[in-house]
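**Q**
Numbering (our numbering), first residue to last: 8 to 284.
Right, here's the structure in full:
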C-alpha cells in the first residue's frame, strides 16, 4: 500500500484540533481477526489479532458524545489449497514476448499472511450511569481501514511449472534456464497490493471510575469491512513466472489468482482501555 506520511499526519492534526474539552482514551483490542475471502478452493486458518488505539470523545450531553482517534491493527492467518496437490493455470509472456499458458502444480502449498493497517474511527457513544462509579457504554460508527502492508510467506514441498504454446501446439516442461521446470522445497515472500475500505464498528461495555480523573473501560467489539482491500489489475499465478530461472519464483499469493477477489477484515473480541477525564 502506497501512502504519503504527510497525509496521515494531516488527518491526525485535523482529528485532534477540536479536542480541548474532550475526554481522551488509550486502549488495547484483542480477539479473532479474520480476513474473509470469496476465493474458491482455499482453506483459511485464522489466528488472533489485535490493535492499539488512542483517541478522544467529545460529549454533547450527559449521555451522548462523538469520538475519533487513531488505531494500529494487525491480522494474521494461514491459508492453503483444499487439495494438497493442486494445479492452476493462467496466461504469461516469456522473455521473447510470446504468450503461453502457464500451469503450476504444487505439493503441500501453504501461505502465511500478515496484514498491518491504520484505522481512523468515527463513532457515536451513548452512556448512562447504572451504579456509583459505573457507566454502561454503547458505541457505534465507522472506521476507515487503511492497509500499511499485506505480506505473505509461501512454502511448498514441490513446485512444477509447465508452458503450453497453443499457436504451435507445443508443451515445455523442463527448461529451467527459461523458468520452466521443477523446484523442491519452495520458499518465497511477496506482498499484495492494497487499498483502503470502510468498516462498521460496534462496542458494548462498561466504564469503572478509578478516581475523579481516570476510569477503566472494558467492552466487547465487532468490526466488519465492506468491499475488498486488494487492489489487483489482473489475474496472476500464485507462484510467479520467472523467465530466467525455475528456482527463483516470486510468491504472488493465492488471492492473486482472481483479480476481483473480495478480501475483507472481520474482527470481534475484547477492548480494554483507560479514560482520562
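Ideal placement from N, C-alpha and C gives every residue a C-beta, glycine not left out.
Once DSSP output is grouped into helix, strand and coil, what is the label at residue 96?
**A** Strand, per DSSP.
**Q** From residue 59 to residue 162, what does the alpha carbon distance come to, in whole angstroms?
**A** Each residue's alpha carbon lies about 31 Å from the other.
**Q** Just list the residues that DSSP pairs residue 250 with in beta bridges.
**A** Per DSSP, none; premise fails for residue 250.
**Q** Taking the Cβ atom as the reference point for each residue, do residue 213 and residue 140 lie within a distance shorter than 8 Å?
**A** Not a contact, by the Cβ cut-off of 8 Å.
**Q** Which same chain residues end up closer than 6 Å to residue 41 when comparing Cβ atoms and leaving out the 5 residues on each side of it in sequence?
**A** The residues are 53, 273.
**Q** Hey, would you say the C-beta of residue 72 is under 7 Å away from at least one heavy atom of the ligand PLP?
**A** Because no ligand of any kind appears in the structure shown, any question about the ligand PLP cannot be addressed here.
**Q** Taking the C-alpha atoms as reference points, what is the distance between residue 251 and residue 267?
**A** If you take the alpha carbons of residue 251 and residue 267, they lie about 29 Å apart.
**Q** Could you name the residues of the same chain whose beta carbon sits closer than 8 Å to that of residue 205, not counting the 5 residues immediately before and after it, in chain order?
**A** Within the same chain, residue 205 has close Cβ partners 149, 150, 151, 152, 232, 233, 234.
**Q** Ignoring anything shorter than 3 residues or poking outside the region 205 to 282, list the beta strand (DSSP E) runs there in chain order.
**A** Runs found: 221 to 233.
**Q** Rounded to whole angstroms, what is the Cα-Cα separation between residue 262 and residue 113?
**A** Approximately 16 Å between the Cα atoms of the pair.
**Q** Verify whether the separation of the beta carbon atoms of residue 57 and residue 80 is less than 8 Å.
**A** Going by C-beta atoms, residue 57 is nearer than 8 Å to residue 80.
**Q** Taking residue 64 and residue 29 to be in contact with their CB atoms under 8 Å, please state how far apart those CB atoms are, rounded to whole angstroms.
**A** Rounded, the Cβ-Cβ distance is 6 Å, consistent with contact.
**Q** Could you give the C-beta distance for residue 192 and residue 164, rounded to a whole number, given that I count them as a contact under 8 Å?
**A** Contact holds; Cβ gap of about 7 Å.
**Q** Do residue 238 and residue 201 have their CB atoms nearer than 8 Å?
**A** Yes; because the gap between Cβ atoms is below 8 Å, this pair is in contact.
**Q** Any idea if residue 103 is buried or exposed, counting beta-carbon neighbours within 10 angstroms, 16 or more meaning buried?
**A** Burial call: exposed.
**Q** Within this structure, are the beta carbons of residue 130 and residue 74 separated by less than 8 Å?
**A** A contact, by the Cβ cut-off of 8 Å.
**Q** Short of 8 Å in beta carbon distance, which residues of its chain neighbour residue 198, apart from the five on each side in sequence? Order them along the chain.
**A** Cβ neighbours of residue 198 beyond the five flanking positions: 156, 157, 158, 159.
**Q** Given a cut-off of 8 Å on the beta-carbon distance, is the pair residue 109 and residue 121 in contact?
**A** For residue 109 and residue 121, no; Cβs fall outside 8 Å.
**Q** Just list the alpha helix (DSSP H) runs in the region 64 to 148, keeping only unbroken ones of 4 residues or longer that don't cross its boundaries, in chain order.
**A** Within the region 64 to 148, no complete alpha helix (DSSP H) run reaches 4 residues.
**Q** What did DSSP end up calling residue 199 once you bin it into helix, strand or coil?
**A** Coil at residue 199, not helix or strand.
**Q** With DSSP as the reference, please indicate the residues paired to residue 47 in a beta bridge.
**A** Looking at the DSSP assignment, residue 47 forms no beta bridge with any residue, so it has no partner.
**Q** With a CB to CB cut of under 6 Å and the five nearest residues on each side skipped, what residues in its chain are close to residue 105?
**A** Counting only Cβ-Cβ distances below 6 Å, and skipping sequence neighbours, we find nothing.
**Q** Starting from the C-beta of residue 281, find all residues in its chain whose C-beta is less than 6 Å away, skip the five residues before and the five after it, and write them out in chain order.
**A** Only 33 meet the Cβ criterion.
**Q** Quick check: what's the CA-CA separation for residue 68 versus residue 135?
**A** Going by the C-alpha atoms only, they are around 11 Å apart.
**Q** Check whether the Cβ of residue 240 lies closer than 8 Å to any Cβ atom in chain B.
**A** Judged by its chain identifiers, the structure shown contains no chain B, having just a single protein chain.
**Q** To the nearest angstrom, report how far apart residue 284 and residue 209 are at their CA atoms.
**A** Those two C-alpha atoms are separated by around 22 Å.
**Q** Taking 8 Å as the limit between beta carbons, can you name the residues of its chain near residue 249, skipping five residues before and five after?
**A** Result list for residue 249: 186, 255, 256, 257, in chain order.
**Q** Straight-line CA distance for residue 94 to residue 44?
**A** Roughly 20 Å between the two C-alpha positions.
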